[in-house]
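Notes for the one structure printed next.
There are 2 protein chains.
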Amino acid sequence: MCPPALIPYKPKNPKTRLSSLLSAEEREQFAAAMLEDVKAAVKDAMCSPVLVCTELFDSDDVQVTITDADLNGSLNAILPQSVGPTLIIMADLPLADTASVRRVIHTDKDVAIVPGRGGGTNAIFLKEPSRFRVDYYGASFLKHKKIAEDAGLSVDVVDSFRLHTDIDEPWDLVELLIHGTGKSRAYLEELGFVLSTDKGRVGVERKR
Amino acid sequence: MCPPALIPYKPKNPKTRLSSLLSAEEREQFAAAMLEDVKAAVKDAMCSPVLVCTELFDSDDVQVTITDADLNGSLNAILPQSVGPTLIIMADLPLADTASVRRVIHTDKDVAIVPGRGGGTNAIFLKEPSRFRVDYYGASFLKHKKIAEDAGLSVDVVDSFRLHTDIDEPWDLVELLIHGTGKSRAYLEELGFVLSTDKGRVGVERKR
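In order, the protein sequences belong to chains A and B. Quick note on our numbering: the first sequence kicks off at 1 and runs consecutively. Quick note on our numbering: the second sequence kicks off at 1001 and runs consecutively.
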C-alpha cells in the first residue's frame, strides 16, 4: 500500500501567531522545515506526499496541486476523484513520525481521524475518499466524526500526541524543542531558541 | 498482572489555575471527578489504584497513603520498597482510558514514560521501581528519560494524546468537553460549560 498523503500547505505568510517570535521570512522557513518533517514521516510510512497549495509553489521532490479554492473547497474537489485509500495530513505537525503515521493508515476502520489541539483535525485517513467530504475550521474533529458516521463509515480516533500537536502558538515550540528530532527543531535551535524554566513552568527563549 | 497505580492527589485547593472559571469548592469537586475518571481507567486496565496524598483523605474504595513529604519525596520513599511493576499516574488526566493505560503497562521496555504538555510527565511505568527515582517539576520528561537511561533502563515513550492532556488551564477544558466521556466531563456540563467558537477558534463558556 502506497496511498497519497495530501498535505495542504501555505508557503506565503504562514504561522502568523508566531509573529511575536519569528520574522516573516523566518516563519516561511520554519513552515518549510515543518513540511519537510511531515514529508519525511509520511514517506517513511510508505505514503506518497502531494502538496495542496493555494499559491504557486515549486517542489523538486513531490507532486504539487495548485488550487484557487480554500482548504475545504480544494480537498473536496480532490476527494470525489480519488479512487484508493487517501491520507490528509496537516503540514504543521513536526512531531509526526513513522510509527504514528503507520497507526493512522493501518486502521481497521473505514476512517481514521487524529484530533488536533482545541477541537481541530490534524489527519484523516479514508479508505474510500469519495464517500467523505472535509469540513475544517472550528471544532472540525466533531464535524468530521459526524460526517463519517452519517455516511455509514466506521471511525477510529487515533490516540497520538505526536500527531495531536500542531504548532501554532509560541508555547507550542516547547513541544518541538522537547520531542522534535527533525529539520524544524534544528531550524529553531539554529535561530537560538532554547528551553527556559520559570517557576517550574517550561517555556522557550531566544538566546540571540 | 495487577500492578499498583500510584496516584498523587491533592484534595485541598487543587487546580488554582482554573480559579477564573471555578470556585474553590467547584475546583475540589472537579479534581475529585477527574480522579474518579483516572481510577476507572486504571482499574479497567487491571491496575490497583493507591492514592498518595499529602493531606488526610478518606476513600471508600481505594488504598490511601498519607505522607508529609512533597511529590518527589513521597514517591521516592515508596519506590525503593516496591517489589513488582508499578505505575505512577497523575490525577488530572480525565481523558485516560483503558486502551491508553494498557499501552503503558504492556510496554516491552523497562520503563514507559508518557510526556505531559509543556515538558511534564503524566505517567511512568516501572518494571523494577527500586531502580528508579522521580524528579517532577520543570522539564521532568527529559529528567525522567535521563534518570532511566543513567540507570541502564530501556525507555519507551508512549505516544498518547489522551494521557498527554493534563487539565490545568481554562483552555484545557476544551479537550475535556470534546474528548471526555466520564465523570469530570459530566460535572463540567452540570455546571453549564459548553463549547464556544469565536473566529474559528474553539473555547469554553459557562452558560449559567
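Yeah, the Cβ is synthetic: ideal placement off N, Cα and C, and Gly gets one too.
Spatial neighbours of B/Gly-1192 within its chain, please: CB distance less than 6 Å, with the 5 preceding and 5 following residues excluded, ordered by chain position. If we look at B/Gly-1192 and ignore the five residues flanking it on each side, its Cβ neighbours are Arg-1206, Lys-1207, Arg-1208.
For A/His-144, is the classification buried or exposed, using 16 other Cβ atoms within 10 angstroms of its Cβ as the cut-off for buried? buried
Looking at the secondary structure, which residues open and close the beta strand (DSSP E) in which A/Gln-63 lies? For A/Gln-63, the enclosing beta strand (DSSP E) has its first and last residue at 63–66.
Between A/Gly-84 and the rest of its own chain, which residues show a CB-CB distance below 7 Å, the 5 nearest in sequence each way excluded? Pro-3
For B/Val-1194, three-class secondary structure by DSSP: strand
B/Cys-1053 - partner residues in DSSP beta bridges: B/Tyr-1009, B/Ile-1066
Bridge-paired residues (DSSP) for A/Arg-206: A/Phe-193
Identify the contact partners of A/Gly-138 in chain B, using a Cβ-Cβ distance below 7 Å as the criterion. Thr-1197, Gly-1200, Val-1202
Straight-line gap, A/Leu-142 to B/Ser-1023 (C-alpha atoms, nearest Å): In a straight line, the C-alpha of A/Leu-142 is about 29 Å away from that of B/Ser-1023.
Secondary structure at B/Pro-1115, three-state DSSP: helix, strand or coil? strand
Output yes if chain B places a C-beta closer than 8 Å to the C-beta of A/Arg-162; else output no. yes
If we ignore side chains and look at the alpha-carbon of each, how far apart do A/Ile-78 and A/Gly-138 end up? 22 Å
Residue closest to A/Val-202, alpha-carbon to alpha-carbon, out of B/Gly-1118, B/Glu-1026, B/Met-1034: B/Gly-1118
Relative to the C-alpha of A/Cys-53, which residue among A/Met-46, A/Asp-60, A/Asp-68 is closest? It is A/Asp-68.
Can a CB atom of chain A be found closer than 8 Å to the CB of B/Gly-1119? Taking Cβ atoms only, chain A reaches closer than 8 Å to B/Gly-1119, which makes this a yes.
So what's B/Val-1101 in DSSP terms, helix, strand or just coil? helix
At least three beta-carbon pairs within less than 8 Å, the stretch 1109–1116 of chain B to the stretch 1042–1058 of chain B: By the Cβ criterion, the stretch 1109–1116 of chain B is not in contact with the stretch 1042–1058 of chain B, since fewer than three pairs of Cβ atoms, one from each stretch, lie closer than 8 Å.
Give a yes or no on whether the minimum CB-CB distance between A/Ser-100 and chain B is below 8 Å. yes
Rounded straight-line distance, which links the Cα of A/Pro-94 to that of A/Lys-183: Distance between the alpha carbons of A/Lys-183 and A/Pro-94 is about 8 Å.
Please classify A/Ser-160: is it buried, with 16 or more other beta-carbons within 10 angstroms of its beta-carbon, or exposed? buried
Under the three-state reduction of DSSP, which class applies to B/Ser-1074: helix, strand or coil? Helix, per DSSP.
Does A/Phe-125 come out as helix, strand or coil in the three-state DSSP assignment? strand
State the Cα-Cα distance for the pair A/His-164 and A/Asp-97, rounded to the nearest angstrom. 12 Å
Could you give the first and the last residue of the continuous beta strand (DSSP E) run that contains B/Leu-1177? Note, B/Leu-1177: premise wrong, no beta strand (DSSP E); alpha helix (DSSP H) at 1172–1179.
By the DSSP assignment, the alpha helix (DSSP H) with A/Asp-150 in it spans what residues? 140–150
Per DSSP, B/Thr-1165 is paired with what? Bridge pairing for B/Thr-1165: absent [DSSP].
Spatial neighbours of B/Arg-1133 within its chain, please: C-beta separation below 7 Å, excluding the five flanking residues on both sides. Asn-1076, Leu-1079, Ile-1147
Per DSSP, the bridge partner or partners of A/Arg-133: None, per the DSSP bridge assignment.
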